[in-house]
Each structure stands twice: as C-alpha cells, then as structure tokens.
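Numbering (this note's numbering), first residue to last: 9 to 390. The C-beta atom is built at its ideal place from N, Cα and C for all residues, glycine as well. Below is one structure; the comments refer to it alone.
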Ligand code: MG
C-alpha cells in the first residue's frame with residue numbers, strides 16, 4: 009500500500025547512530041521490528057506485570073500481551089491512515105521494554121531507591137529506560153551496544169521525558185531524540201499513534217482484567233458513560249445477555265468506537281493542516297488524536313480505573329510487598345551482593361544496579377529476593 013506524504017518513509021529516515029549497510033530484503037523499520045522481537049528484553053515481557061502480578065492468574069495481561077494488543081490496534085489505525093505500519097509495529101512492540109518487574113509499583117520503588125542512594129540522580133523513568141534498553145543495554149552486536157535502531161523508532165519509544173533527562177540526551181546526541189522535549193515539537197505520526205493506541209489498549213484490557221479479577225463489577229461500569237453506552241448497545245442487540253459475553257460484546261464495541269474516532273478525528277486534523285512531509289508533522293501540533301468528546305470520555309474512564317482498580321486496596325497491598333522486594337534487592341546489590349557479571353562494569357555502579365533490577369522478570373526478582381533474604385514473598389508463585 010502506498011504511504012501518505014505525511015507518513016514516515018524509510019528511505020528518508022534520519023538513520024542509525026552507527027552506520028550499517030542496508031539489508032537486502034527489508035527496509036529500515038522492518039529491520040528494527042525484527043531486532044526488537046529477537047531481543048532479550050522483549051522475551052522478558054512475558055513475565056512482567058502489567059497491572060496484576062504475573063502469578064495472580066494465567067489469563068491476566070502481561071507486558072507482552074499488552075504490547076501485542078497495542079501493536080495490533082496501532083497497525084489497524086496506521087493502515088487506515090496510510091501511515092508506516094512497520095514503523096508503527098516496531099514502536100509498539102518496544103514501547104514498554106524498559107518497564108521494571110511488578111508494574112508501576114516496581115518503577116516507583118526503583119525511582120525512590122535511586123534517588124535515595126544518589127540524591128543528585130535523575131531517578132528512574134520507564135520511557136527513558138526503554139530507550140536505554142535498545143540504545144545501550146542489549147548486548148547482541150560486536151561493533152556497538154544496543155540494537156542500533158533507526159531514529160524514528162527511538163523517537164517513538166521515548167514517549168515522555170523530563171527536561172533534565174532531555175538535556176542529558178541532547179548533550180549526548182545533539183539534535184537527537186531528546187530535542188523535541190526541549191523545543192516542544194512533535195514526533196512523527198507513527199509515534200503519536202502508538203501513544204494513543206497504548207491508552208486505548210490498556211483502558212479496555214484493564215476493564216477486562218479488573219472484572220475478571222472480581223475487583224470491579226459490570227454494575228460499577230454503568231457509572232462510566234463511555235462504557236455504559238456500549239453495554240446498552242450490546243444488550244439492545246442481544247436482550248438478556250449477561251456475564252462474560254456481555255463484557256466482551258461491550259469491549260469490542262468500545263475498541264471499535266475508539267479506533268474509528270481516532271481515524272476520523274485525525275483525518276480531519278490532517279485535512280486542516282495538510283502536512284506534506286514528516287518534517288512538517290513534527291512542527292505542527294499533535295495531529296493524531298481523539299475527537300474532543302472521545303478525549304473527555306476516555307479521560308473519565310481512566311479516572312474510574314485509577315480510583316476503582318489501580319488504587320484498589322488489594323492491588324495496593326500487593327504493590328506494597330512488591331516495592332519492599334525492589335528495595336531489598338537494591339540494598340543487597342548496592343552492598344556488593346550482585347551475582348558475578350550481573351552489573352555492567354562500564355556503567356556508574358548505582359545506575360548499573362537499577363539497570364539490572366529493571367531488566368528482571370517478576371519471578372526472577374522473587375527468586376533473587378528469596379536467595380538473598382530467605383523470605384518468600386507471594387508464596388503462591390510456586
Ligand atoms: Mg504500554
């Protein structure tokens with residue numbers, strides 16, 4: 009399919025940090041996607057928590073299935089808008105590579121540990137860590153660290169960045185992926201798309217996992233207009249429908265409505281601004297968007313999930329235990345108890361400890377914690 013002029017075209021990529029000859033059969037973004045799928049960090053996503061800890065149930069989302077859902081949603085939208093599907097897929101599959109074990113609880117704990125150990129440290133940001141994984145931490149090539157991905161893929165992976173970290177990135181790579189956080193410009197549309205597809209995916213699958221876990225009920229969902237509307241539509245079409253099939257009929261409608269909304273709202277923005285190149289896209293406001301009405305409803309759904317699921321006492325309880333695990337691991341490794349060869353010798357020692365912990369799967373972290381402390385946290389993990 010022919011790409012739109014505003015899409016990212018691999019022939020005019022800003023390229024890789026280390027020059028490499030082109031591949032005989034794949035363009036730059038196909039090659040990036042393949043490198044991501046073959047990476048060690050990607051395989052670890054299978055055993056990393058999204059919201060529910062990995063051992064709490066076999067059917068909850070993990071970072072891996074979340075990333076696949078984001079990729080699938082984003083590709084559908086990319087195709088409809090004539091954006092670059094390979095680049096979209098590469099960004100989506102890599103977007104969570106820097107997540108710690110135990111989801112957001114793990115990330116907060118690691119951030120606290122870093123700041124405590126080194127008060128002038130920039131702390132831990134999972135987006136920056138995802139970039140760090142593909143730029144530095146993967147060890148697969150003789151000639152360079154990382155996966156040496158194209159600029160546009162790296163740009164998409166670095167979804168957010170603090171000013172302080174952007175300044176550091178800019179010093180290391182002038183005019184590189186940190187620049188847009190300093191000058192307020194936008195990334196390419198494929199990157200903007202993955203950002204929104206991430207939100208669409210987790211809103212829907214966290215509803216699913218939340219109901220499956222019993223922490224939220226379908227009755228509670230009646231209070232969220234976006235969800236209530238699609239519940240009503242499913243019931244109108246299938247009177248008497250209840251339980252799991254009702255939930256999925258609602259979720260299917262919710263996903264379709266959001267995908268179609270993004271496509272329509274973005275087409276409108278594209279026709280208003282008529283960007284003729286990706287460079288023009290970068291200089292314009294974000295064009296890949298929900299309609300204002302869907303933006304408001306999606307934000308309300310997020311608020312519901314925060315209040316009812318992410319801050320649910322049961323989730324909070326397991327989060328507190330997970331944070332203690334991260335804290336114990338950090339102290340032990342900072343005190344010299346890391347396994348031989350685990351810490352990168354070419355990285356500042358505290359950061360090397362954070363890199364090691366961030367790379368762990370949930371279960372590896374628990375095994376290490378047991379080895380170091382003799383305690384079994386979450387014994388149901390087996
Ligand atoms: Mg995500």
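- From the listed residues 148, 338, 94, 109, the smallest Cα separation to residue 72 is found for 109.
- Listed in chain order, the alpha helix (DSSP H) elements of length 4 or more contained wholly in the segment 203-235 are 226-229.
- Per DSSP, residue 173 is one residue of the alpha helix (DSSP H) stretching across 171-180.
- Taking a contact to require three or more Cβ pairs closer than 8 Å, the segment 293-304 and the segment 270-281 qualify as touching.
- With a threshold of 6 Å, the Cβ atom of residue 40 does not count as near the ligand MG, since no heavy atom of the ligand is closer than that.
- Secondary structure note for residue 307: its alpha helix (DSSP H) is the uninterrupted segment 300-313.
- Among the bridge pairs identified by DSSP, residue 57 is matched with 70.
- Ordered by chain, the residues meeting the criterion of a beta-carbon within less than 5 Å of a non-hydrogen atom of the ligand MG are 104, 206.
- Within the same chain, Cβ atoms closer than 6 Å to the Cβ of residue 39 are found at 31, the five residues on either side in sequence being excluded.
- Assigned with DSSP and collapsed to three states, residue 124 falls in helix.
- Distances from the alpha-carbon of residue 237 to those of 265, 220, 211 put 265 closest.
- At the C-beta level, residue 96 and residue 198 come within 7 Å of one another.
- Between the segment 90-106 and the segment 311-323 there are fewer than three C-beta pairs closer than 8 Å, too few to call the two in contact.
- The C-alpha of residue 133 is placed about 21 Å away from the C-alpha of residue 183.
- For residue 269, the enclosing alpha helix (DSSP H) covers residues 251-281.
- Across the structure, residue 217 and residue 68 are spaced so that their CA atoms are roughly 6 Å apart.
- Per DSSP, residue 92 lies in no alpha helix (DSSP H) segment and is marked neither H nor E.
- With contacts defined by Cβ atoms closer than 7 Å, residue 70 and residue 58 form a contacting pair.
- Annotation for residue 322: 223 place their beta carbon closer than 7 Å to its own, counting only its chain and skipping 5 residues before and after.
- Proximity of the segment 361-380 to the segment 43-58 meets the contact definition, three or more beta-carbon pairs being nearer than 8 Å.
- Distance check between residue 135 and each of 206, 152, 126 places 206 closest, using alpha-carbon atoms only.
- Secondary structure note for residue 335: its alpha helix (DSSP H) is the uninterrupted segment 321-340.
- Cβ contact annotation for residue 78 (same chain, cutoff 7 Å, sequence separation greater than five): 100, 103, 202, 205, 206, 209, in chain order.
- Taking a 10 Å sphere around the C-beta of residue 328, we find fewer than 16 other C-beta atoms and assign the residue as exposed.
- Using a Cβ distance threshold of 7 Å, residue 172 and residue 212 do not count as a contacting pair.
- The beta-carbon distance between residue 13 and residue 285, rounded to whole angstroms, is 6 Å. This is short enough to meet the 8 Å contact definition.
- When secondary structure is reduced to three states using DSSP, residue 201 falls in the helix class.
- One Cα belongs to residue 190, the other to residue 24, and the distance between them is close to 22 Å.
- Counting C-beta pairs with one atom in each stretch, the segment 333-345 and the segment 111-127 have three or more that are closer than 8 Å, which means they touch.
- Contact annotation, residue 221 with residue 60: C-beta distance approximately 6 Å; criterion of less than 8 Å satisfied.
- Exclusion of the five residues before and after residue 263 leaves 212 as the residues of its chain whose Cβ lies within less than 6 Å of its Cβ.
- For residue 371, the uninterrupted alpha helix (DSSP H) run begins and ends at 370-381, by DSSP.
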